[in-house]
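Asks:
2 protein chains.
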Amino acid sequence: MAHDERRLEVLRAIVQDYVSTNDPVGSKALADRHDLGVSPATIRNDMAVLEEQGYITQPHTSAGRVPTDKGYRLFVDRLSAVKPLSVAERRAIERFLDGAVDLHDVLGRTVRLLAQLTRQVAVVQYPTLSRSAVRHLEVVQVAAARLMLVLITDTGRVEQRVVDCPADIDAGAVAELRTLLNSAFSGVKLADAGDKVPDLLETAPQHLRGLVATVSSTLLETLVEPSEDRLVIGGTANLARGSALDFQGTVSPLLEALEEQVVVLRLISEVDAGTVLVRIGEENDHEALTGASLVTVGYGSRDRALGGLGIVGPTRMDYPMNMAAVRAVARYVGQILAES
Amino acid sequence: MAHDERRLEVLRAIVQDYVSTNDPVGSKALADRHDLGVSPATIRNDMAVLEEQGYITQPHTSAGRVPTDKGYRLFVDRLSAVKPLSVAERRAIERFLDGAVDLHDVLGRTVRLLAQLTRQVAVVQYPTLSRSAVRHLEVVQVAAARLMLVLITDTGRVEQRVVDCPADIDAGAVAELRTLLNSAFSGVKLADAGDKVPDLLETAPQHLRGLVATVSSTLLETLVEPSEDRLVIGGTANLARGSALDFQGTVSPLLEALEEQVVVLRLISEVDAGTVLVRIGEENDHEALTGASLVTVGYGSRDRALGGLGIVGPTRMDYPMNMAAVRAVARYVGQILAES
DNA sequence: GCTGGCACTCCGACCGTGCGAGTGCCAGCA
DNA sequence: TGCTGGCACTCGCACGGTCGGAGTGCCAGC
């Protein structure tokens, strides 16, 4: 029906104008700035319907209209075209990420890049440990009865843990332990590491059993727990910058939630590689994120998401642009990590 | 002279009141809230002198007085008594830091602790690489012609670098290389690592020379550079929280500077273990830090500062409390790291 | 079903006023 | 000589009223 068609067109125009101007948009301004082919009066009727359906609202009588969360949702799902990145932006992505020296560096650059590209707060998750596989396990003696375990995963992540042992250990035992651990765990996904422990304990020579048990329990407890996922956050200055108004005056609850990490971590973990996920305002069932939207995507190779990355900003954001940027960056990061 | 004595007392009272109320403080309020033993009129005379000397200023005619940077400086240097932490606060420090699983965790907890204790932005530097010594160097083959070096320092820091080699490498060479590197660098301070390279190259067997040269140059280039110092930042929500007024409306330049890290890193590196350093407003010759003060101290054992930590806040801050908190936390972190 | 016209609403900018806090100065006093 | 109370003056800010403009809803006409 041509009716509904135009009404959606009106909604799209409202979203676009409101995002770029930050002013509630009225019927006359719409008619001026867009070729809708009808008069302001007709637009007013459409707007009344859209308001009744809950897609837009007016801050107060006789002000313009503003999209609701539901309105943004419709916009993102049906009204927004993918906005391809400019050549300059693609160049910037490559230039920014090339020359990173290690995983920490890659992710640090990624978060800065995303923040700069989108002018929002950027969030990048370290490759999930549980989905990574062991590349190498190093054992270093740091005291007579204390070992440091260093885990190197196939995603380039390096984790360290100190283990206190019940008795002093000699150098030979350390070397044996290293060999044992590596032959047992090399190439094994951390999520499956627990299954290997009984086998390991059985094959271990008698005099090492106790040590192996201590070490493997530390490994499992501190590394396989999902809580061990890490987050890099950047671009918080963008919050303070313009969007003071978007968050009813204060951005500090949002900053707190970001530093807390746990909420964002939960949200960012639910991603597939390749599919950009948008969460708008109230859809994030967390108080501090009311009024904020998340645009997230998984990065990694085609078949396997290593982790998630994305941005956090006001619901009033340029969704098409941000979705494109997030996707492009994730794709490139996936490539970089696959190479190394 | 009793005169100067009282004038300083007035300055101290002004600083204290202004810090706690955030209002310019007038002569009458001073006389009411402090036992200065003189009338408001006399205080007014003292204030006029203090203003002429540049210790205080008035935002506009017929408002109260506000301390200048110079005034805070005098306060910190001569007028503030060390404010001992409460038992509860000491407990909190211990409880917060105990149970950390690795260096990353220790520093993460430290920054959260400091931010919570002081209600300011907290900054913690990773142990400086150049002042650390090599505990172990691990070499892991990640592809036919690509190695990953993992450096473990005596401060518990772990750094990784990927090295591309001109030719394929066999497993035996990797093991040899590992032994060579460790015997050459174990226990050596990274700052002195460069000196060991000629020796190392000489003693290396012919067929490994090229490999050793490639690897050591990567090590030196990427790890000994001072730019490789890292920073953990937390409590940025405290900036947005109350002190919007303290930074003439916007905190975003400060947030940007913090994320940039380089400025703060430079300032935080100039620390001795044990001596709390206070930089007030303009004393930080960096535009974004005008209006901000830094309270920093080195952490580590008695004779060796591993790195710096501290807080960043408005010049209008509770210096005695913050100095005490920073010092106490640094001391405790030093202990924890010495143990591990 | 669209359009122009019209009356109505209401926010926000603008302005003038008055109040209160605070000052500087001065004369008097110990 | 230095402290004190008194006094006139200044100035920012909160308060309240006014006005204009933008935007709306409704209605009659095409």
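Chains as they are written, first to last, in our numbering: chain X, 1 to 340; chain C, 1 to 340. The beta-carbon is built from N, C-alpha and C at its ideal position, and this holds for glycine as well.
1) As a quick exercise: from X/T203, X/N182, X/A81, X/V140, pick the residue whose alpha carbon is nearest that of X/A171.
2) For the stretch 222 to 238 of chain X, enumerate the residues whose C-beta is nearer than 7 angstroms to any C-beta of chain C, in chain order.
3) List in chain order: all unbroken alpha helix (DSSP H) runs of 4+ residues lying wholly within the stretch 56 to 120 of chain C.
4) For X/V271 versus X/G298, is the C-beta spacing smaller than 7 angstroms?
5) Does DSSP put C/H34 in a helix, a strand or coil?
6) What span of residues does the alpha helix (DSSP H) with C/Y332 cover, start to end?
7) So with CB distances below 9 angstroms, who are the chain X contacts of C/I356?
8) Between the Cα of C/D35 and those of C/N45, C/R12, C/N22, C/T21, spot the shortest distance and give me the residue it belongs to.
9) Is there a Cβ from chain X that is less than 7 angstroms from the Cβ of C/S252?
10) Report, in whole angstroms, the separation of the C-beta atoms of C/V295 and C/G310, which I expect to be a contact under 8 angstroms.
11) Please list, in chain order, all residues of the same chain as X/V76 whose beta carbon is under 6 angstroms from its beta carbon, the five residues on each side excluded.
12) Go ahead and pull the three-state DSSP assignment for C/V197.
13) Would you report the Cα separation of X/N22 and X/R316, rounded to the nearest angstrom?
14) Quick check on the DSSP output: the beta strand (DSSP E) that includes X/G313 runs from which residue to which?
15) Nearest chain X C-beta to C/R241 closer than 7 angstroms, yes or no?
16) Let me see if you follow: with CB-CB separation under 7 angstroms, is X/E260 close to chain C or not?
17) Who are the near neighbours of X/L201 in its chain, counting only those whose CB is closer than 7 angstroms to its CB and skipping five residues on each side?
18) Under a three-way DSSP split, which group does X/R146 fall into?
19) Taking the alpha-carbon of C/L337 as reference, which of C/V326, C/L306, C/R65 has the nearest alpha-carbon?
20) Who are the neighbours of C/V101 on chain X, taking C-beta pairs under 8 angstroms?
21) Under the rule that 16 or more other beta-carbon atoms within 10 Å means buried, what is X/Q125, buried or exposed?
22) Using the DSSP secondary-structure output, state which residues sit across from X/T296 in a beta bridge.
23) 7 angstroms is my cut-off, CB to CB: does X/V329 come that close to chain C?
24) Any Cβ of chain X within less than 7 angstroms of the Cβ of C/L289?
25) Taking C-alpha atoms, which residue in C/R302, C/A81, C/M323, C/A257 lies nearest to C/V276?
26) Based on Cα-Cα distance, which residue from X/D98, X/E52, X/R157, X/A167 lies nearest to X/Q335?
27) Starting from C/E159 and walking both ways along the beta strand (DSSP E), at which residues does that stretch end?
28) So X/G172 is in the alpha helix (DSSP H); what residue range does that whole segment cover?
29) Could you pull out every residue in the same chain whose Cβ sits closer than 6 angstroms to the Cβ of X/R327, ignoring the five residues on either side in sequence?
30) At least one CB of chain X closer than 7 angstroms to the CB of C/E176: is that the case?
31) Restricting to Cα atoms, I'd like to know which of X/L219, X/T250, X/E287, X/I280 is closest to X/V263.
32) What's the call for C/Q248, buried or exposed, on a 16-neighbour Cβ count within 10 Å?
33) Give, in chain order, every residue of the stretch 303 to 331 of chain C whose Cβ lies closer than 9 angstroms to some Cβ of chain X.
34) Would you say X/E5 faces chain C, with C-beta separation under 7 angstroms as the test?
35) For C/G134, which beta-bridge partners are listed by DSSP?
36) Determine the DSSP secondary structure at X/Q261, reduced to helix, strand or coil.
Replies: By the coordinates alone:
1) X/V140
2) T222, G234, T236, A237
3) 69 to 74, 87 to 97, 103 to 118
4) yes
5) coil
6) 319 to 339
7) Outside the modelled stretch of chain C, which goes from 1 to 340, sits residue 356 of chain C, for which no answer is possible.
8) C/R12
9) yes
10) 5 angstroms
11) V278, Y319
12) helix
13) 8 angstroms
14) 304 to 314
15) yes
16) no
17) R209, V212, A213
18) strand
19) C/L306
20) R161, V162, T222
21) buried
22) X/L277, X/G310
23) no
24) no
25) C/M323
26) X/D98
27) 158 to 164
28) 171 to 185
29) V276, V297
30) no
31) X/E287
32) exposed
33) none
34) no
35) Per the sequence presented here, residue 134 of chain C reads as Val, with Gly not at that position. For C/V134, which the question treats as bridged, DSSP gives the partners C/T153.
36) coil
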